[in-house]
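A.B. asks: There's a structure below that I have some questions on.
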Amino acid sequence: MRAPKDFWTGAIYLVIGVVGFFVARNYSFGSTTRMGPGYFPTVLAGLLTLVGLISLVRAFVVEGAPVGALALRPLASVVGAIVVFGLAVVPLGGAVAMLLTILVAATASRQFKLAPLPLLGASGLVAICCLVFIEMLNVPMPLVGPWLRPLLPNF
1 MRAPKDFWTG
11 AIYLVIGVVG
21 FFVARNYSFG
31 STTRMGPGYF
41 PTVLAGLLTL
51 VGLISLVRAF
61 VVEGAPVGAL
71 ALRPLASVVG
81 AIVVFGLAVV
91 PLGGAVAMLL
101 TILVAATASR
111 QFKLAPLPLL
121 GASGLVAICC
131 LVFIEMLNVP
141 MPLVGPWLRP
151 LLPNF
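Using the UniProt record's numbering, the first residue of the sequence shown is number 1, and each one after it goes up by one.
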């Protein structure tokens, strides 16, 4: 193996693609003009499998970079952000859950500092997400959750 990074990338894509095929096999595929519920997952699984196979072949043909050390801090930050969103969205509402998610995910970067400008940017992103997902797409998520409703009765 000449490119371990490509090998592991290909292996991950291949596994996800095969699992996607396995899950999508229970859904009707349909056709290109009348797509069934299994069409998109099957096509996506096929593309992931193809990219995985190309990366695996490339790992044995092209010289590549070695696999570096596993960066646990960014991984823990992103996983923690997802968990925080899941735990906060119902009691605190979408706006606060999104803000907390952004702030926890931002700790993955060594350059992150809790300062006015990042807070302003995060707040702007939350406002856009609330507008798009809660107001325009009608995602069933309260803007303000029951824990904060006594403090903000007009929301």
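Ideal placement from N, C-alpha and C gives every residue a C-beta, glycine not left out. Bear in mind that the values here come from a model prediction, so they are computed numbers and not experimental data.
#1: Shortest alpha-carbon distance to Ala24 belongs to which of Ala105, Gly145, Thr42, Pro116?
#2: Taking a contact to mean a Cβ-Cβ separation below 8 Å, would you say Ala106 touches Val96 in this structure?
#3: For Gly124, which option in Leu99, Pro142, Val57, Asn138 has the closest C-alpha, if you only look at C-alpha atoms?
#4: Just how far apart, CA to CA, sit Leu92 and Ile82?
#5: How would you write the range of the alpha helix (DSSP H) that Lys5 sits in, first residue to last?
#6: Taking 8 Å as the cut-off, decide whether the C-beta atoms of Thr49 and Val18 are in contact.
#7: With a 10 Å radius around its C-beta and 16 neighbouring C-beta atoms as the bar for buried, classify Leu14 as buried or exposed.
#8: I'd like to know if the segment 50-65 and the segment 1-11 are in contact, where contact means that at least 3 CB-CB pairs between them fall below 8 Å.
#9: Among Pro66, Thr9, Phe40, Met35, which has the Cα closest to the Cα of Gly20?
#10: Jot down the residue ranges of each uninterrupted alpha helix (DSSP H) in the UniProt domain "DUF1468" (8-142), minimum 4 residues, whole runs only, in chain order.
#11: At a cut of 8 Å, does the segment 112-119 reach the segment 129-137 through at least three beta carbon pairs?
C.D. replies: If we stick to the structure as given:
#1: Within the sequence shown, the letter at position 24 stands for residue 24. It is Thr42 whose Cα lies nearest to the Cα of Ala24.
#2: Working through the sequence shown from its first residue, we reach residue 106 at position 106. Working through the sequence shown from its first residue, we reach residue 96 at position 96. Not a contact, by the Cβ cut-off of 8 Å.
#3: The residue labelled residue 124 in the question sits at position 124 within the sequence shown. Distances from the CA of Gly124 to each of Leu99, Pro142, Val57, Asn138 were compared; the closest alpha carbon is that of Leu99.
#4: The count along the sequence shown starts at 1 and reaches residue 92 at position 92. The count along the sequence shown starts at 1 and reaches residue 82 at position 82. Each residue's CA atom was taken as its position, placing Leu92 and Ile82 some 15 Å apart.
#5: Along the sequence shown, one-based indexing puts residue 5 at 5. Here the alpha helix (DSSP H) through Lys5 covers 4-24.
#6: Translated into positions along the sequence shown, residue 49 becomes position 49. Translated into positions along the sequence shown, residue 18 becomes position 18. Yes.
#7: Here residue 14 corresponds to residue number 14 of the sequence shown, with the count starting at 1. Here Leu14 is buried. Its C-beta has 16 or more other C-beta atoms within 10 Å.
#8: Result yes; three or more Cβ-Cβ pairs closer than 8 Å.
#9: If you number the sequence shown from 1, residue 20 lands on position 20. Closest in alpha carbon position to Gly20, among Pro66, Thr9, Phe40, Met35, is Phe40.
#10: Listed in chain order, the complete alpha helix (DSSP H) runs (minimum 4 residues) inside the UniProt domain "DUF1468" (8-142) are 39-61, 72-92, 94-106, 116-129.
#11: No, they do not touch.
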